[in-house]
Structure formats: structure tokens, C-alpha cells
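Student: Here you go, one structure.
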Amino acid sequence: MADGERHRSPRATASENPGETGRRPIGRVMAQVAMVMNLDKCIGCHTCSVTCKQAWTNRSGVEYAWFNNVETRPGQGYPRTYQDQDRWKGGWVRRPNGRLVPRAGGRIKRLATIFANPVMPSIQDYYEPWTYDYDTLINAPLGDDFPVATPHSALTGEPMKVEWSANWDDDLGGGPELASQDPIVRRLGDQVKLSFEDTFMFYLPRICEHCLNPTCVAACPSGALYKRAEDGIVLVDQDRCRGWRMCVTGCPYKKIYFNHKTGKAEKCTFCYPRVEVGMPTICSETCVGRLRYLGVVLYDADRVGEAAAVEDEKDLYEAQLGVFLDPNDPAVRSAARRDGIPDRWVESAARSPVFALARRFRVALPLHPEYRTMPMVWYIPPLSPVVDTLTRTGHDAEETGNLFGAIDALRIPVEYLAELFTAGDTAPVDLVLRRLAAMRSYMRRINLGQERDESIATAVGMTGTEIEDMYRLLALAKYDERYVVPTAYGVDEADRGVIEEVGCSLDFEGGPGMGGMGEVPFGEASGRPDEASVETFHALRDRQTSERASATGGRINLLNWDGNGRPDGLFPPREDEGTDNGRGQRPGPT
65 MADGERHRSP
75 RATASENPGE
85 TGRRPIGRVM
95 AQVAMVMNLD
105 KCIGCHTCSV
115 TCKQAWTNRS
125 GVEYAWFNNV
135 ETRPGQGYPR
145 TYQDQDRWKG
155 GWVRRPNGRL
165 VPRAGGRIKR
175 LATIFANPVM
185 PSIQDYYEPW
195 TYDYDTLINA
205 PLGDDFPVAT
215 PHSALTGEPM
225 KVEWSANWDD
235 DLGGGPELAS
245 QDPIVRRLGD
255 QVKLSFEDTF
265 MFYLPRICEH
275 CLNPTCVAAC
285 PSGALYKRAE
295 DGIVLVDQDR
305 CRGWRMCVTG
315 CPYKKIYFNH
325 KTGKAEKCTF
335 CYPRVEVGMP
345 TICSETCVGR
355 LRYLGVVLYD
365 ADRVGEAAAV
375 EDEKDLYEAQ
385 LGVFLDPNDP
395 AVRSAARRDG
405 IPDRWVESAA
415 RSPVFALARR
425 FRVALPLHPE
435 YRTMPMVWYI
445 PPLSPVVDTL
455 TRTGHDAEET
465 GNLFGAIDAL
475 RIPVEYLAEL
485 FTAGDTAPVD
495 LVLRRLAAMR
505 SYMRRINLGQ
515 ERDESIATAV
525 GMTGTEIEDM
535 YRLLALAKYD
545 ERYVVPTAYG
555 VDEADRGVIE
565 EVGCSLDFEG
575 GPGMGGMGEV
585 PFGEASGRPD
595 EASVETFHAL
605 RDRQTSERAS
615 ATGGRINLLN
625 WDGNGRPDGL
635 FPPREDEGTD
645 NGRGQRPGPT
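One point on numbering: in our numbering, the residue at position 458 of the sequence shown is 522, and numbering is uninterrupted.
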């Protein structure tokens, strides 16, 4: 589906609902492709950031933009102090009458500042992108001094001093100089210790949250931002965007970027061309720690506004969980069919690891629910430091009593995690950490050949079977269990036929793709402007999932070629090769 297209799903009233879930009638059922990240597994390698950069923002105009970035916590983040909504005015605020309005102001205020939006991060809050003077390094004449590649601004071309970047405070989150600038640390004050002996840090990968109640969509004066009805992905219509940048202010996560060359806004697309053919996002595919999970969540669209407007911020987490619908409920399945959701999407929702981790096991939490955008990228809080601490003190780090007792003394304070994931409410975070600890203790007994101890599961409100299921999903899940992504509406094996890869990637002038703006062989300006083609992703999936040599006519992308067969033109012909095999390939070696 093209970026600028829109779909509308039929709206059903409560009177048309064929059944009830036991609490209230089911409203309009919609589907959302969502993600969960297990922070216990993130090693901060930034592979996800690099592959996302190569796929989506590897061109001029968005050198500073990282649709995916990995932050060290505590830390200032990217852009700096983006969580300080008193300064950046992102997200929603609830008025006394219960109505939600953008924190930056209503329509009249946005209209008054439409030509000069003052509430927006500057390039210094992100970082001024730079490249290096490689020409001097390579072509310097012979002399006594060694030539160097000095940094030059990618914006002005002038020499510059590198002082900040998107990853500047990597691995330094526990140090007092940087951690003290973290808005959450400032808010918690003395509850977070910053002395050398008590420093702590963990990694927080971030992408666009593809929220159920996105402020960026509401703030856009030209209506260029929209949320796709079929899968919930939030996109920017490049034809309608006028560069007002109100969306940058409206997004509390600051995951919308302005392309200073095209004058358009750009953002994470959730790799929609890959998702549409049943492939995971590129950040998920390349994640070294296998910490990302993708799946479909069904939700009641008629409850979103009510859930986002609950009075107490600490109730927002439970309110959002209440919006999710159980795909195994016959009434939900009937309502989904009524609202035009394909059966394969409902089946995918029933197998969704996101629904399992967020709703069934309740170990995944939303990022900053107090922004009232109802984010759909959720996180499992990290537990690892407690095990290390217990081991160093000579205790059994996997014994249930030790683990439960040590949670309150985590080097990562529960209060800090609560400010990130539950609007300051420590109870849900404490429950998550206890369930993760119980899983470790329960499964260790099994791995050592001891009898199952159901009391461990009961202590955290679970059954032994649920703990084993959660363990399989978090520790042993295979590829198709971590990524349960159905194909787009109207796209299945019967529709596709024989697909050949077209061009190289999402590479076209001014568009959110890989490659460049010119014809030079290397660097940000490299490559030719080929238009986006979803067939490219069909062909890529074929090559990655098939044991046979796939048809690869035309130009071959070596980055995606899996070694199957001998694509025509990739290797010099052998003397015994006369004709091709009818698939655009020479016969393979015998």
C-alpha cells in the first residue's frame, strides 16, 4: 500500500454488537500491529539503529534523524531532555471537564504560531550532523605530517567541533554529570542515588509508538499525518505535508523529524512495506539480542477516548489494557468479522506475543502512559542487576526468597522504572519484576530436575503452566513465535503469483527510503532514484524463506541476496553455460 493512501473501516454502533465480553458491549473492533521489547536482553549494540538508518534515513536532509535509537538510562535522551513536557509541550492534557487537548494548545493557538513554531527542539538539541574531509586524507601530498580527516558539518559544509550526538552519553547513564540532566532523575530527586557506588544504567531502544491516540495526528494543520485503519501504523502523507512542524511539537516522544531539504516531516513507518508482506520490521529482524516481539492486538476503538481521558494518570495503564480485546472470545471474533477484519488477522491476534506479554502475562508496560497518547510499543522492565548483586554477596541468585527480597533494593530503582512505564505507580512495576524473578526461580528447579513448585507461581498470581509459557516466549521462542505478522488486506500467496524484485529499495527523490539523491558511487548521495515497490519485499521474503533459488530478475541487491542460485549477470558465464534456466538465472554449479 502506498504511503499516501487511506483506508476507512466501517463503523459499527453498540446496538449492532452481536454479544458482550461480560462487562460492556463491544464497539468498533480495530487491529493494531504492535511491538514489545524485553529490556533485560538489550546489550546496547545499536544494530537496530544502524540498519534502520540504512533502510530509511540514509540520504541528505535527514542525516540527524534516527527513527530507531538506543538510549542509555538514566540520561538526557534524544533529542536532549525530550521527556520534559513542561518545556516541549508534547502529548495531551486533561481539562477539568474531562476533555483532552494537546499540551501545546488548541487550534487557535496553533494557528497563531503556524508560521513560527517556538516550541520545538533545535538542531543542537538533536545534534548537528557531520561528515569528514576524506578528500584531504586520501589525496594529501607526501610530507612529514600525517593528514587527518577533519569533521565538517553536513548542513553547512564548514569545519566544526563535534560536541554532541544522538549517542553521546552511551554507557554513561549512571554518572552524576549526565544522569542529573535526566528529567526523571530531576523529578525523583533524592530517591535516585548518583554516587559512584550506586550508579546504574540500562538501555532503552525507542521508535515511534504508533499510538492509539496520537497527538501528532491531531496537531497537524494540513492533515498529512494519519493512522491507517487496517493496521494502526501512523504515517505522513508526503503530498499533503506542508512542513508546519506542529507534529514535532505534538509528539511527546519527539519521533517526528523535519527534512530540511524536502521541507517535509518524516517518521518511523514501522517498515510498513515489510509488514504488509508478513515480514518483521528491519530493527526486529536484525536485533542481536532477539528482544523484540511483533504481533497484532485487537482493540475497541470506541473506548480509546474514554481510556485516554481517565482522571488519575496512574489509572492509564489499566485503562489501556481494558481497551484490548481477547481474540479468543467468540463475541470478539464475531465483532471483528462484523467490522471487516480478516480471519487471518484474528488468528494472528490469538497467537500474538504482544497480547500475551501485555495482557495475559502482564509483564510488558507502556512508555510514559501519562502523555495520554496510548502508545503501542511496550517494554518489559530490566531485572538483571538484582541477580548480579545477589551473586556478589554470596547468596543463591535464583532462590525465590532471595530474589523477591532483593527487588526492593535494585540498583535500578523501582521508582525510576515506574516513572518511565506506569506514570509513577510502583505497584505494576513491582509485580512485573516479581513475575520475572518467579520465572527464573521456577524454571531453575525444572532445569535441575527438581519437582515443580506451584507456590512460586501462586505467589505472583500465576500458574505453573503460565510461567512455563512465559518462559518459552521470553527465552526460547523461535522466529515465527516472536514475529506473528499477517499479510496486508488482499495480499496473500494466491494473489502474488511470481514476484520479481524491482530496483534496489525505497529509493526515490524526497521519499523516506534508502539510498541517495545523485549518481555518485558511494556515500549519502549514492544510488539511483528507484521508486518504492512492495514487490521488492515479496521477493525478499521469498528468498529468505525458500530453500530453492528464487527468481531475481533485473538488478541484484547484494545486501539482500541470500546466495541461492546464480543470478544472471552476477557471475561471469562459464563455458558450459549456454542458456539460462528460464528463471532469469544461469544453471548452478554441479
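Note that the Cβ used here is the ideal one computed from N, Cα and C, for glycine as well.
For R156, list the residues DSSP reports as bridge partners.
Tutor: The question names Arg, but residue 156 in the sequence shown is Trp. Its beta-bridge partners are P166.
Student: Quick one: using the 10 Å Cβ neighbour count with 16 as the cut-off for buried, is A491 buried or exposed?
Tutor: Here A491 is exposed: its Cβ has fewer than 16 other Cβ atoms, across all protein chains shown, within 10 Å.
Student: Threshold first: 4 residues or longer. Then list the alpha helix (DSSP H) segments lying entirely within the stretch 80-155, N to C.
Tutor: 111-120, 149-152
Student: How big is the Cα-Cα spacing for A204 and V212?
Tutor: C-alpha separation (whole angstroms): 9 Å.
Student: Would you mind sorting I172 into buried or exposed? The rule is 16 or more other CB atoms within 10 Å of its CB.
Tutor: exposed
Student: For P278 and Y547, which I take to be in contact (beta-carbon distance under 8 Å), what is that distance rounded to the nearest angstrom?
Tutor: Contact doesn't hold; Cβ gap of about 24 Å is too wide.
Student: Spell out a yes or no on whether the stretch 375-393 and the stretch 416-434 are touching, meaning 3 or more CB-CB pairs, one atom from each, closer than 8 Å.
Tutor: yes
Student: Would you kindly work out how many angstroms separate the C-alpha atoms of D303 and A288, rounded to a whole number?
Tutor: 8 Å
Student: Assign S217 to one of three DSSP states: helix, strand, or coil.
Tutor: strand
Student: Span of the beta strand (DSSP E) holding N323?
Tutor: 320-323
Student: For E294, is the classification buried or exposed, using 16 other Cβ atoms within 10 angstroms of its Cβ as the cut-off for buried?
Tutor: buried
Student: Drop a sphere of 10 angstroms on the beta-carbon of Q514, count the other beta-carbons inside from all chains shown, and report buried for 16 or more, exposed for fewer.
Tutor: A residue is called buried once 16 or more other Cβ atoms fall within 10 Å of its Cβ, and Q514, having fewer, is exposed.
Student: Rounded to the nearest angstrom, how far is the Cβ of G327 from that of G307, given a contact under 8 Å?
Tutor: 4 Å
Student: Within a Cβ cutoff of 6 Å, which residues of the same chain sit near P391, ignoring the five residues on either side of it in sequence?
Tutor: If we look at P391 and ignore the five residues flanking it on each side, its Cβ neighbours are L362, V410, A413, A414.
Student: Express the C-alpha separation of A521 and P193 in angstroms, rounding to a whole number.
Tutor: 50 Å
Student: Can you check which of these residues, N511, L512, I510, T527, is closest to E518 by C-alpha distance?
Tutor: Ranked by how close their Cα comes to the Cα of E518, the residues N511, L512, I510, T527 have T527 in first place.
Student: Determine whether the beta carbon atoms of M440 and L276 lie at a separation below 8 Å.
Tutor: Between M440 and L276, the C-beta gap is smaller than 8 Å, which places the two residues in contact.
Student: Between the C-alpha atoms of S244 and P138, what's the straight-line distance to the nearest angstrom?
Tutor: 8 Å
Student: Once DSSP output is grouped into helix, strand and coil, what is the label at R415?
Tutor: R415 falls in the coil class under three-state DSSP.
Student: Grab the span of the alpha helix (DSSP H) containing Y506 for me, first residue to last.
Tutor: 490-511
Student: Whole beta strand (DSSP E) runs in the stretch 296-348 with 3 or more residues, listed along the chain?
Tutor: 298-300, 320-323, 328-331
Student: Based on the DSSP secondary-structure assignment, which residues constitute the bridge partners of P205?
Tutor: In DSSP, P205 forms no bridge with anything.
Student: Are three or more beta carbon pairs between the stretch 208-228 and the stretch 106-115 nearer than 8 Å?
Tutor: no
Student: Using the DSSP secondary-structure output, state which residues sit across from W232 in a beta bridge.
Tutor: Paired residue(s): none; W232 is not in a bridge.
Student: Return yes when the Cβ of E377 is within less than 8 Å of the Cβ of A282, no when it is not.
Tutor: no
Student: Using the Cβ count rule (16 or more neighbours within 10 Å means buried), how would you classify N132?
Tutor: Around the C-beta of N132, 16 or more other C-beta atoms lie within 10 Å, and the residue is accordingly described as buried.
Student: One question on the structure: do T145 and P316 come within less than 8 Å of each other, judged by their Cβ atoms?
Tutor: no
Student: Where does T21 fall in DSSP's three states?
Tutor: Summary: the structure shown does not reach residue 21, with the chain confined to residues 65 through 654, and so no result is reported for it.
Student: Out of V418, I346, I178, point me to the one whose CA is closest to H110's CA.
Tutor: I346
Student: What span of residues does the beta strand (DSSP E) with T195 cover, start to end?
Tutor: 194-196
Student: Which class does P240 belong to by DSSP, given the choice of helix, strand or coil?
Tutor: helix
Student: Could you tell me whether the Cβ atoms of P269 and V134 are closer together than 8 Å?
Tutor: yes
Student: Reducing DSSP to helix, strand and coil, say where D364 ends up.
Tutor: strand
Student: Name the two residues that bound the continuous alpha helix (DSSP H) containing L385.
Tutor: 380-387
Student: When DSSP labels each residue in this structure, what does M581 get in the three-state scheme?
Tutor: Its pLDDT being 43, under 50, M581 is placed unreliably by the model, and nothing is read from it.
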